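Numbering of the sequence shown is given in the numbering used here, commencing with residue 1035 and proceeding in unit increments.
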Amino acid sequence: MVASTVSPPWTYTLQLPQDPRAPGVARATLRNVLRVHGMHELTEVAELLASELVTNAYLYSSGPYSLRLRDAGRGRVRLSVWDTDPRIPAPFRWGMPPPEELAERGRGLYLVTLYAECWGAYPMRGGLPGQGGKLLWVECAAKV
1035 MVASTVSPPW TYTLQLPQDP RAPGVARATL RNVLRVHGMH ELTEVAELLA SELVTNAYLY
1095 SSGPYSLRLR DAGRGRVRLS VWDTDPRIPA PFRWGMPPPE ELAERGRGLY LVTLYAECWG
1155 AYPMRGGLPG QGGKLLWVEC AAKV
């Protein structure tokens, strides 16, 4: 019997507390997941994207949040961040012009729009507390 060289699709979800160390834990987890799945070339961009999304979830939501990593096929990874704040930020609603040169906010999500292959957002509505909020997602791909 010949072993298959194609790995099955994978998904990991990391639940994060409202703790200033959580974004660092998320980045370390992302690096490990990409390494074990042979996606080293995505690490730099994926880490930038995840860092911005996870840090925003920590800063702008009051409850727990999560990072989901999913194999999107063809050398791509999808990063999704769910948090309890229902407001979808500007770049995920209608795009965003570059921030002013001396702007103190808005640079991180602008970088997301520059480096992600694609991105989107979904409002999350649920009947139980903690099920609302939003989900922001981005994809990055290996350069061929």
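Don't be surprised by glycine CBs; every beta carbon is placed ideally from N, CA and C.
Since the structure is predicted, the reported quantities are computational estimates derived from the model, not experimental observations.
Please report the straight-line C-alpha distance between residue i and residue j, rounded to a whole angstrom.
{"i": "residue 1117", "j": "residue 1047", "result": "13 Å"}
{"i": "residue 1051", "j": "residue 1075", "result": "29 Å"}
{"i": "residue 1173", "j": "residue 1045", "result": "14 Å"}
{"i": "residue 1077", "j": "residue 1155", "result": "22 Å"}
{"i": "residue 1147", "j": "residue 1111", "result": "16 Å"}
{"i": "residue 1175", "j": "residue 1105", "result": "10 Å"}
{"i": "residue 1121", "j": "residue 1059", "result": "25 Å"}
{"i": "residue 1157", "j": "residue 1113", "result": "16 Å"}
Would you identify the three-state DSSP class for residue i, choosing helix, strand or coil?
{"i": "residue 978", "result": "An answer regarding residue 978 cannot be provided, because it is not within the stretch 1035 to 1178 covered by the chain."}
{"i": "residue 1057", "result": "helix"}
{"i": "residue 1125", "result": "helix"}
{"i": "residue 1104", "result": "strand"}
So, is residue i buried or exposed, given that buried needs 16 or more other C-beta atoms within 10 angstroms?
{"i": "residue 1167", "result": "buried"}
{"i": "residue 1096", "result": "exposed"}
{"i": "residue 1061", "result": "buried"}
{"i": "residue 1093", "result": "exposed"}
{"i": "residue 1054", "result": "exposed"}
Indicate whether the contact test is met: 3 or more Cβ pairs, each with one atom in the region 1148-1161 and one in the region 1064-1074, closer than 8 Å.
no
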